[in-house]
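Presented below is the structure to which this report refers.
2 protein chains.
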Amino acid sequence: MDLTSESTTAAVIESFAETADPRLREILQELVPHLHDFVRKVRLTLPEWEAAIEFLTAVGQRCDANRQEFILLSDVLGISMLVETINGQEAGTESTVLGPFHVVESPQRENGDTIDLLGGNEPCVITGRVLGIDGAPLPGGTVDVWQCSADGFYDVQQPDVQPLGNGRGLFHTDAEGRFHFRTVVPSHYPIPTDGPVGQLLLATGRHPFRPAHIHFIADAPGHRSLTTHIFVAGSPYLDSDAVFAVKQSLVAEFAEVDDAEQARRYGVSSPFRAASVDIVLEADRVG
Amino acid sequence: MDLTSESTTAAVIESFAETADPRLREILQELVPHLHDFVRKVRLTLPEWEAAIEFLTAVGQRCDANRQEFILLSDVLGISMLVETINGQEAGTESTVLGPFHVVESPQRENGDTIDLLGGNEPCVITGRVLGIDGAPLPGGTVDVWQCSADGFYDVQQPDVQPLGNGRGLFHTDAEGRFHFRTVVPSHYPIPTDGPVGQLLLATGRHPFRPAHIHFIADAPGHRSLTTHIFVAGSPYLDSDAVFAVKQSLVAEFAEVDDAEQARRYGVSSPFRAASVDIVLEADRVG
Chain Y
1 MDLTSESTTA
11 AVIESFAETA
21 DPRLREILQE
31 LVPHLHDFVR
41 KVRLTLPEWE
51 AAIEFLTAVG
61 QRCDANRQEF
71 ILLSDVLGIS
81 MLVETINGQE
91 AGTESTVLGP
101 FHVVESPQRE
111 NGDTIDLLGG
121 NEPCVITGRV
131 LGIDGAPLPG
141 GTVDVWQCSA
151 DGFYDVQQPD
161 VQPLGNGRGL
171 FHTDAEGRFH
181 FRTVVPSHYP
191 IPTDGPVGQL
201 LLATGRHPFR
211 PAHIHFIADA
221 PGHRSLTTHI
231 FVAGSPYLDS
241 DAVFAVKQSL
251 VAEFAEVDDA
261 EQARRYGVSS
271 PFRAASVDIV
281 LEADRVG
Chain D
1 MDLTSESTTA
11 AVIESFAETA
21 DPRLREILQE
31 LVPHLHDFVR
41 KVRLTLPEWE
51 AAIEFLTAVG
61 QRCDANRQEF
71 ILLSDVLGIS
81 MLVETINGQE
91 AGTESTVLGP
101 FHVVESPQRE
111 NGDTIDLLGG
121 NEPCVITGRV
131 LGIDGAPLPG
141 GTVDVWQCSA
151 DGFYDVQQPD
161 VQPLGNGRGL
171 FHTDAEGRFH
181 FRTVVPSHYP
191 IPTDGPVGQL
201 LLATGRHPFR
211 PAHIHFIADA
221 PGHRSLTTHI
231 FVAGSPYLDS
241 DAVFAVKQSL
251 VAEFAEVDDA
261 EQARRYGVSS
271 PFRAASVDIV
281 LEADRVG
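Pasting the structure below:
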């Protein structure tokens, strides 16, 4: 008997019945009816289907070692943030999106090092701690940091201007769970608009901007890994992030400090900007 | 206020409110809740999201001038067939999927020409008519034909074995709406399994086979274009097409004919195989 627009869905679901991995089976058997429902709901036409195939192909072909256009697409559709929210910690620091720029390994750096390899902008000192839910410091942890420049570009976007590793560093927490590094205040910036996702934003009248932020992935022995940002208080676009990733608890003051003694201690000129962050990690779930 | 796993969806829908094209707005504002519902329903984890990003990227990067892995993905998820079914003619010949192999222009050929440039297999004669709903012949029409070889490969899959254009032809209907050409009976075949879609089929225990068929796109002045197949009666996999595309009305007998006079008329040796097809097109919808 022929498949109808309704029975096609049941047939495709059934086709995945022999999937060995039960979780893969569950995911596919839910994906199919959700996608089919969408197609039926909007009565997708053949030219629209062709346009969708072309768009997805262009997204895939725009990806390379330094560019992840599918993450960008997931970001602007709010899917990345939804996945983060669903999987976020119950207690401790909130998570937010990974974003598409965690594409190169961050160089190992010592506490106090600078991640600003360009110079010429007002220095900024980030001090932080990695803590357990009980407030106990977590020594032996790592904090992977990446951010854009004061002009709003990541190193991989400006290979002729920025050395690879600018704005990036992998730090280790000390015996008191502390880390600190020098940098510059990142700028708000547009997500890359020179690809198919940029065309989507243009066609839909959406701006491409993200508020200024620094990315962190924090890890510590016996604790869950956390992917998050700190956002720069007062940055434009805090209320309309193109990727829906702002959490109020992650907004930090980047205050100006005019104190020669502190500047000396951190090895920067005065005045400088400073922000501090406590990253609170849940213990690993015991299976 | 922070976005929750529920309010993120409303925020993303709202972000598309200024889309100038109302149809694009409708499609995106339906796509977002369907995708978000899926993510919430299965509680997609971050490693699963990463695997999905990697899979989609690999699908896009597998596409080239001769290969369309996203169409293949759409096909094995039943989406291509669903779109065809929704948009099919109300009367006339049923449609079925375009498939991923309509990637090169079919060479212009004359009625009676062969599309089998390889030789060595039992010849087959296809005769057909393009008709309106009222049964009136449609002269001045075109019939774009493509099929795999007797070994189950399209020309673009075997550049070292098959000349480009083997199995392909663009024919014109005569004054009585007729067309005919020589070929070989196509084989059932596996869809390409050496890419990410093949890995998906492998992981889900699905076979990759399609029953034997010939593709057609028929056009005639004042009529709707139709994309369809004829399937070879008795072919394996007619009841489990990997892309869900079989319609009983499209199954045709490829009978053996042992008749020297007919063989002479068509310019083939005897015995030969023969199938006939009437392609019935609806009139254009007047807007």
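Line by line, the protein sequences are chains Y and D.
Reminder that position 45 of the first sequence reads as 45 in the UniProt record's numbering, one-by-one numbering, no gaps.
Reminder that position 104 of the second sequence reads as 104 in the UniProt record's numbering, one-by-one numbering, no gaps.
Ideal Cβ positions, reconstructed from N, Cα and C, are used throughout, including at glycine.
Proximity winner among Y:P137, Y:G99, Y:E54 and Y:D64, relative to D:Q68 (alpha-carbon distances): Among Y:P137, Y:G99, Y:E54 and Y:D64, the Cα nearest to that of D:Q68 is on Y:E54.
Local Cβ density within 10 Å of D:A255, reported as buried at 16 or more and exposed below that: Exposed.
In terms of residues, what are the limits of the beta strand (DSSP E) holding Y:H229? Start and end: L226 to V232.
Taking buried to mean at least 16 other C-beta atoms within 10 Å of its own C-beta, is Y:R264 buried or exposed? Its Cβ having fewer than 16 others within 10 Å, Y:R264 is exposed.
Counting only Cβ pairs nearer than 9 Å, list the residues of chain C close to D:H36. This model lacks chain C altogether; the protein chains it does include are Y and D.
The alpha helix (DSSP H) with Y:T85 in it runs from where to where? From DSSP, the alpha helix (DSSP H) with Y:T85 extends over I79 to N87.
If you draw a straight line from the alpha carbon of Y:F216 to that of Y:D21, how long is it in whole angstroms? Their Cα atoms are separated by approximately 33 Å.
Going by Cα to Cα distance, which pick from Y:G198, Y:Q61, Y:E282 and Y:T173 is closest to Y:E110? The shortest CA-to-CA distance from Y:E110 to any of Y:G198, Y:Q61, Y:E282 and Y:T173 is the one to Y:T173.
Does the separation of the CB atoms of Y:Q89 and Y:L226 fall below 8 Å? The answer is yes: Cβ separation under 8 Å.
Run down chain D in chain order and give the residues with a C-beta less than 8 Å from the C-beta of Y:G205. For Y:G205, the neighbours in chain D by C-beta distance under 8 Å run, in chain order, E18, T19 and A20.
Separation of D:L31 from D:I86, as counted between CA atoms: Roughly 17 Å between the two C-alpha positions.
Using the three-state DSSP reduction, which class does D:D75 fall into: helix, strand or coil? Three-state DSSP puts D:D75 in a helix.
Does the beta carbon of D:A233 come closer than 8 Å to any beta carbon on chain Y? Interface residue (Cβ-Cβ distance to chain Y less than 8 Å): D:A233 is not classified as such.
Cβ of D:R43 within 8 Å of any chain Y Cβ: Under the Cβ distance rule, D:R43 counts among the residues neighbouring chain Y, one pair being separated by less than 8 Å.
Can you give the Cα-Cα distance for residue 366 of chain Y and Y:E94, rounded to whole angstroms? Limits of chain Y in this structure are 1 at one end and 287 at the other, which puts residue 366 of chain Y out of reach.
Nearest to D:R273 by CA position, among D:V104, D:F181, D:V12 and D:L170, is which residue? Answer by Cα proximity: D:F181.
Range of the contiguous alpha helix (DSSP H) that encloses Y:N38: Here residue 38 of chain Y turns out to be Phe, not Asn, going by the sequence shown. For Y:F38, the uninterrupted alpha helix (DSSP H) segment begins and ends at P22 to V42.
Classify residue 332 of chain D as buried or exposed, calling it buried when 16 or more other Cβ atoms lie within 10 Å of its own Cβ. Since the displayed chain D opens at 1 and closes at 287, residue 332 of chain D lies outside it and no answer follows.
Within 10 Å of its beta-carbon, does Y:R23 have 16 or more other beta-carbons around it, so buried, or fewer, so exposed? Y:R23 comes out exposed.
Going along chain D in order, which residues have a C-beta closer than 8 Å to the C-beta of Y:W49? Counting only Cβ-Cβ distances below 8 Å, Y:W49 has contacts in chain D at S74, I79, S80 and V83, in chain order.
Give me whichever residues DSSP pairs with D:I279 in a beta bridge. Beta-bridge pairing links D:I279 to D:V130.
So, with DSSP's three-state summary, where would you put D:G60? Helix at D:G60.
Going by DSSP, what residue range makes up the alpha helix (DSSP H) through Y:L201? Per DSSP, Y:L201 belongs to the alpha helix (DSSP H) from P196 to A203.
Starting from Y:I13, trace the alpha helix (DSSP H) both ways and give me its first and last residue. Unbroken alpha helix (DSSP H) run through Y:I13: S7 to S15.
For Y:S5, which residues in chain D fall below 8 Å Cβ to Cβ? By Cβ distance, chain D contributes L82, T85 and I86.
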